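Chemist:
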Amino acid sequence: MATLTAPVAERGLLARPIEPTGVWSWLTTVDAKRIGILYGVTAFIFFLIGGTEALVMRTQLAVPDSRLVGPGIFNAMFTMHGTTMIFLVVMPLSVAFFNYIVPLQIGARDVAFPRLNAFSYWVFLSGAVLMHLSFVIGQVPDTGWFSYANLTERAYSPSAGVDFWVVGLQVLGIASLAGAFNFLVTIINLRAPGLSLMRMPLFTWTTFITSILMVLAFPVITVALVELMFDRLFGTNFFNTAQGADPILWQHLFWVFGHPEVYILILPAMGVVSDVLPVFSRKPLFGYPFMVYAVASIAFLSFTVWAHHMFTTGLGPIATSFFTASTMLIAVPTGIKVFNWISTVYGGSISLKTPALFALGFIAMFTIGGLSGVMHASPPVDTQHQDTYFVVAHFHYVLFGGSIFGLFSGIYFWFPKITGRMLDEKIGTLHFWLMLIGFNLTFGPMHFLGVDGMPRRIFTYPAEMGWGTWNLVATIGAYIIGLSILVFIVNVFKSLRSGDRAGADPWDGRTLEWTTSSPPPHYNFAEIPVVHARDDFWVQKYPDLAGGHGGEIIASAPVAVAAAVGHDEHVYVHLPDPSYWPLITASGIFVAGFGLLFFMLLLPVGLFVVLFGTVGWSTEPVNG
Amino acid sequence: MSAQAPTHTNEHSHPGPNEYIKIAAVLGAITVVEVAIYYIPALRPVIMPLLIVLSATKFAMVAGFYMHLKFDHRIFTSMFVVGLVAAAFMIVAFIVLFHFLRAPLA
Amino acid sequence: MEHTAVLPAEAHETTTGLNHRKVLMWAFLGSDCMLFGSLIGTYLVYRGRYLAGPKPTDVFDIPYTSVSALALLMSSLAMVLALAAIQRGDIRRLKIWLLCVAGLGLVFIGGQVYEFTSFGEEGLNLAVSTFGTTFFVLTGFHGTHVTFGIVWLLMIWIMAKRGQMTQARSLDVEIAGLYWHFVDIVWIIIFTVVYLIPV
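Protein chains in written order, with our numbering: chain A, 30 to 653; chain B, 2 to 107; chain C, 130 to 328.
1. What in chain A is Cβ-close to M163 of chain C, meaning under 7 Å?
2. Please tell me whether S438 of chain A and P384 of chain A are closer than 8 Å, where the distance is taken between their beta carbons.
3. Considering only residues of the same chain and omitting the five flanking positions on each side of V266 of chain C, which have a CB-CB separation below 6 Å?
4. As a quick exercise: from A:G136, A:W443 and A:F368, pick the residue whose alpha carbon is nearest that of T215 of chain A.
5. Kindly indicate the opening and closing residues of the alpha helix (DSSP H) around I220 of chain C.
6. Strictly by DSSP, which residues pair up with R526 of chain A?
7. Are the segment 514-526 of chain A and the segment 459-475 of chain A touching, with three or more C-beta to C-beta distances below 8 Å?
8. Quick check on the DSSP output: what are the complete alpha helix (DSSP H) runs of length 4 or more inside the segment 299-380 of chain A, in order along the chain?
9. Which residue spans inside the segment 50-123 of chain A form an unbroken beta strand (DSSP E) run of at least 3?
10. Assuming the contact rule is C-beta atoms closer than 8 Å, V27 of chain B and M62 of chain B should be a hit. Round their C-beta distance to whole Å, please.
11. Interface residues of chain A around A87 of chain B at Cβ under 7 Å?
12. Verify the CB distance criterion: does Q272 of chain A have a CB-CB separation below 8 Å to chain C?
13. For H274 of chain C and chain B, any beta-carbon pair shorter than 8 Å?
14. Out of A:L512, A:L604 and A:F628, point me to the one whose CA is closest to R45 of chain A's CA.
15. Nearest CA to the CA of G252 of chain C: which residue from C:P183, C:I317 and C:L153?
16. Identify every residue that forms a DSSP beta bridge with P484 of chain A.
17. So that I know if they touch, is there some Cβ in chain C lying closer than 8 Å to that of V71 of chain B?
18. By a C-beta neighbour count over all protein chains shown, 10 Å radius and 16 as the cutoff for buried, is G261 of chain C buried or exposed?
19. Answer yes or no: do Y129 of chain A and G65 of chain A have a C-beta to C-beta separation smaller than 8 Å?
20. Could you tell me how far apart the beta carbons of G20 of chain A and G642 of chain A are, in whole angstroms, since I believe they sit closer than 8 Å?
21. Starting from the beta carbon of G348 of chain A, find every residue of chain B whose beta carbon is closer than 8 Å, and list them in chain order.
22. How would you list, in chain order, the residues of chain A whose beta-carbon sits under 8 Å from the beta-carbon of F90 of chain B?
23. List the residues of chain C whose Cβ lies closer than 7 Å to the Cβ of L278 of chain A, in chain order.
24. If we cut at 8 Å on Cβ distances, does T246 of chain C have a partner in chain A?
25. If you follow the alpha helix (DSSP H) that S334 of chain C is in, where does it begin and where does it stop?
26. Using 8 Å as the threshold, is the segment 91-111 of chain A in touch with the segment 222-229 of chain A, meaning 3 or more CB pairs across them?
27. Run the CB neighbour count on A184 of chain A, radius 10 Å, all protein chains shown included, and call it buried at 16 or more, exposed below.
28. Closer than 7 Å: is that where the CB of F142 of chain A sits relative to any heavy atom of the ligand FAD?
29. Starting from R450 of chain A, follow its DSSP beta bridges and name the residues at the other end.
30. Does V236 of chain C get closer than 8 Å to chain B when you measure Cβ to Cβ?
31. Would you be able to state if there are at least three C-beta pairs under 8 Å between the segment 300-308 of chain A and the segment 346-354 of chain A?
32. Against chain B, does W316 of chain C count as a neighbour if the rule is that its beta carbon must be under 8 Å from one of theirs?
33. What does a CB cutoff of less than 7 Å around G80 of chain A pick up in its chain, not counting 5 residues either side in sequence?
34. Closer than 8 Å by beta-carbon distance: list the chain A residues that pair up with H271 of chain C, in chain order.
35. Taking the alpha carbon of V361 of chain A as the point to measure from, which residue in A:G390, A:L344 and A:F329 has its own alpha carbon closest?
36. Alpha carbon to alpha carbon, how far is S79 of chain B from R96 of chain A? Give it in angstroms, no decimals.
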């Protein structure tokens, strides 16, 4: 078995922690797999919080003229539900898989910057906690997840809620940027020998493209948030109409970020599905190069479509035409992907295991959401739908029916790799059908409600509007979704305790992550694999089946499948040791953010801790 | 930070200090010309394109020679240019949207 | 190849043969383009729509700002000379040129502080108009970048003084230099867009 090298005597400001287990080992870990688990568990906890907020809203809306919660709480609920689900659930769940799976898929032992990776997680947690501290003081953000100016100016939102939203999102932005830089460099620089770009698994590809989107989109929201913060703290005039400012600027900046952001949310799930479907169809991904080019062109076009969120602001015919055209254009690569997934399944020997069920559910639900999305490219239609429940239905079909279904597919697919145990198939199937039915009962009727004119973000409606029936159906659906999540939780705990043992390769997989044990050793691979083909592992297992796809195959150089695992020879694998510095530096950011919100004097203290952490970090011996 | 072997992959040799100084002289001269243009009333009608071309030249020279993009791995250029193009597109779009397609605020 | 690996992770061969940190720095600079792009975009959206306070032409002192812009431009020359020095193994010249860069950076920052103060005396501040708001936040962000760069370069200078910077670590200087040049080219744009092109 491989072992870690012993710590070297060289010392930085603090000795590197060496405990292999216990709380400190998690607090100081720089192992991408552990960080992935931290991301995943944290995101799931926020999924429960955000889901509860949704249930509060659905309960309130179940019947007309309901007075269960007032408008104030309702506003806080939809704001925090949206913000939580986007920034604290879908993004970090994707990042959890980036961390755990991408290094395995590219045959690497870790990411390019392990400490930056840990830092990214702790900053993410800081931002999430800072934002949720608003519940403690009872001034919860209540201006919607896009917080349009100038509602957010001090004069119109005097409560501290917007401040929590601004500071929390800024901190979360730092985490996202740090993570995105890391995965960008990792995928560019740590691919195993032979793993050329056009041999990479699709999930690695979507991680790569998503990272590029984050790198380019997050600075824009950072600037928008800084402008808003300056307006609220220092009385600047970015969105102050009294000084001639134009609040529409906020919408532009927000959606220049926001539209790439929706692809940041969906692309990883698309990558999961693109890796799952070939495994359960026992066929290579149909049209691999087209899938790659489609992802790349979606990313490129995503920066040219933002103002389709703003047709009703009166952009004028020229701008409206431009953004209509670009929006219709971006549907083309998206459509290509849908056809390729269907063609992948077509004619395959399909095994309907839970990951495949969720992947197929993804295709169907995402297609519905995609079609209602293209409808909104048409300004007259969009003008009718703006701020109605039709839009709510649309984006839940892509974000829940798309991202969440895709990510659950990934959870069922990779759970055996991460834990060494299979999730129960029967309970998983029950989970899938409950969630699919509940989802469609909840969001299907919202199409009708929207076309019938029911506006978003209203806390109640009079009975004579006739919206009661479909709202009740939607509420029942929401509780069925809630039930399905309980079923999932039961499945996780049951399977962790007594699930079937998963071998290294329980699904007859195609990519490198299935060549190592489940769970993988700390160092992932005892020997760095050498890649000879797309779907390399599959080609090794079935050299006869694999002909005719996946680029040139050098099958004459057989690489022993998973031979390195369990190697008896004493292999020295260098891995970076745990470190205190990511946690210290991130805690400085937390203190600074806390200071901005509660007690200004803590701001310089936090910044000093950040400086101290950076110095300690950069002088820490990499070996030690 | 650690001691590591430099991983230089420059196929071409970098320019030497003499070239750097020559480039600096050109950069300085362009700056002087820019300021001069600002003070010549006759050039007012074409001041905007003139200044944009001159500053873009300075930008390209610093990025190409001082930041070695001209001699370094292509991937660096593409990473930078992607950000630059996205930013330029956004700025141009903002100018068009706010100054040409929308009626100015009172 | 991994059997000998009691080496920092960084020194492992990378797929592209490029150093991780240098790739990271370029990715960061691409990202920073969007940061300054958003700030410059905001400035240009409000350009000419100033309801109160001094106008740009009332406060700008073009000859003065030209000098500090020139100082920053020439600091880039000193920066490449510092890099060339460490690549030759000439630590003595490295230290001299680093001090030149930091000094010219300080001239620029000093100039900005003086400029901000005198603008303030003429009645321009963050809150008085959209011009004050967008101007101070844009140039302030840039000034913060410059200040950070000065601190970074001085840290390298200190390490060089303590004998910790050797020819083998020229990449540290190169990466700091990339950041510095970027800050310089951002100012090339700001100087033209904000100061020289008349409203």
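Glycine included, every Cβ here is placed at the ideal spot set by N, Cα and C. The structure displayed is predicted, hence computed values, not measured ones.
Modeler: Result, derived from the coordinates:
1. Along the third sequence, read from residue 1 onward, the residue named residue 163 of chain C stands at position 34. Chain A residues near M163 of chain C: L245, P248 and V249.
2. On the first sequence, position 409 is the one that residue 438 of chain A refers to. On the first sequence, position 355 is the one that residue 384 of chain A refers to. For S438 of chain A and P384 of chain A, yes; Cβs fall inside 8 Å.
3. Position 137 of the third sequence, counting from 1, holds the residue named residue 266 of chain C. No residues qualify anywhere along the chain.
4. Looking up residue 215 of chain A in the first sequence gives position 186. Checking every option, the nearest Cα to that of T215 of chain A belongs to A:G136.
5. To locate residue 220 of chain C, count along the third sequence from 1; it is residue 91. Looking at the DSSP string, the run of the alpha helix (DSSP H) that includes I220 of chain C is I220 to E250.
6. The residue you call residue 526 of chain A lines up with position 497 of the first sequence. None, per the DSSP bridge assignment.
7. yes
8. 317-330 and 346-374
9. none
10. For this step, residue 27 of chain B is matched to residue 26 along the second sequence. For this step, residue 62 of chain B is matched to residue 61 along the second sequence. At roughly 7 Å, the Cβ-Cβ gap stays under 8 Å, so V27 of chain B and M62 of chain B are in contact.
11. Here residue 87 of chain B is taken as the residue at index 86 of the second sequence, counted from 1. What A87 of chain B touches in chain A: L245 and F332.
12. Indexing the first sequence from 1 puts residue 272 of chain A at position 243. Interface residue, yes.
13. Counting from one through the third sequence, the residue named residue 274 of chain C turns up at place 145. Not an interface residue.
14. As a first step, residue 45 of chain A is located in the first sequence; it is residue number 16 there, counting from the start. Residue A:L604 is the option with its Cα nearest to R45 of chain A.
15. The residue labelled residue 252 of chain C in the question sits at position 123 within the third sequence. Looking at the Cα atoms, C:P183 is the closest of the given residues.
16. As a first step, residue 484 of chain A must be located in the first sequence, where it is residue number 455. BP columns for P484 of chain A point to A:T417.
17. As a first step, residue 71 of chain B is located in the second sequence; it is residue number 70 there, counting from the start. First, the amino acid is wrong: residue 71 of chain B is Lys here, not Val. False, the Cβ-Cβ gap to chain C never drops below 8 Å.
18. Position 132 of the third sequence holds residue 261 of chain C. With 16 or more other Cβ atoms within 10 Å, it is buried.
19. As a first step, residue 129 of chain A is located in the first sequence; it is residue number 100 there, counting from the start. As a first step, residue 65 of chain A is located in the first sequence; it is residue number 36 there, counting from the start. Cβ atoms of Y129 of chain A and G65 of chain A: closer than 8 Å.
20. Any answer about residue 20 of chain A is impossible in this case: the structure gives chain A only from 30 up to 653.
21. The residue labelled residue 348 of chain A in the question sits at position 319 within the first sequence. Inspection of the sequence shows that residue 348 of chain A is occupied by Ala rather than by Gly. Under the 8 Å cutoff, chain B gives V97, L98 and L102.
22. As a working note, residue 90 of chain B is residue 89 in the second sequence. By Cβ distance, chain A contributes F332 and T333.
23. As a first step, residue 278 of chain A must be located in the first sequence, where it is residue number 249. Neighbours of L278 of chain A on chain C, chain order: T171 and V174.
24. Here residue 246 of chain C refers to the residue found at position 117 of the third sequence. False, the Cβ-Cβ gap to chain A never drops below 8 Å.
25. Beyond the ends of chain C as shown, which are 130 and 328, falls residue 334 of chain C; an answer cannot be given.
26. no
27. In the first sequence, residue 184 of chain A corresponds to position 155, counting from 1. A184 of chain A should be labelled exposed.
28. Looking at this structure, you won't find the ligand FAD or any other ligand, since it has none at all.
29. On the first sequence, position 421 is the one that residue 450 of chain A refers to. The partner list for R450 of chain A (beta bridge, DSSP) reads A:R530.
30. Looking up residue 236 of chain C in the third sequence gives position 107. Cβ-Cβ to chain B under 8 Å: no for V236 of chain C.
31. no
32. Counting from 1 along the third sequence, the entry for residue 316 of chain C is found at position 187. Not an interface residue.
33. Along the first sequence, one-based indexing puts residue 80 of chain A at 51. Excluding residues within five positions, the ones whose Cβ falls inside 7 Å are G511 and I514.
34. Working through the third sequence from its first residue, we reach residue 271 of chain C at position 142. Ordered by position in chain A, no residue passes the 8 Å Cβ test against H271 of chain C, which lies about 13 Å from the chain.
35. Taking the first residue of the first sequence as 1, we reach residue 361 of chain A at position 332. For V361 of chain A, the nearest C-alpha among the options comes from A:F329.
36. Counting from one through the first sequence, the residue named residue 96 of chain A turns up at place 67. Counting from one through the second sequence, the residue named residue 79 of chain B turns up at place 78. In a straight line, the C-alpha of R96 of chain A is about 57 Å away from that of S79 of chain B.
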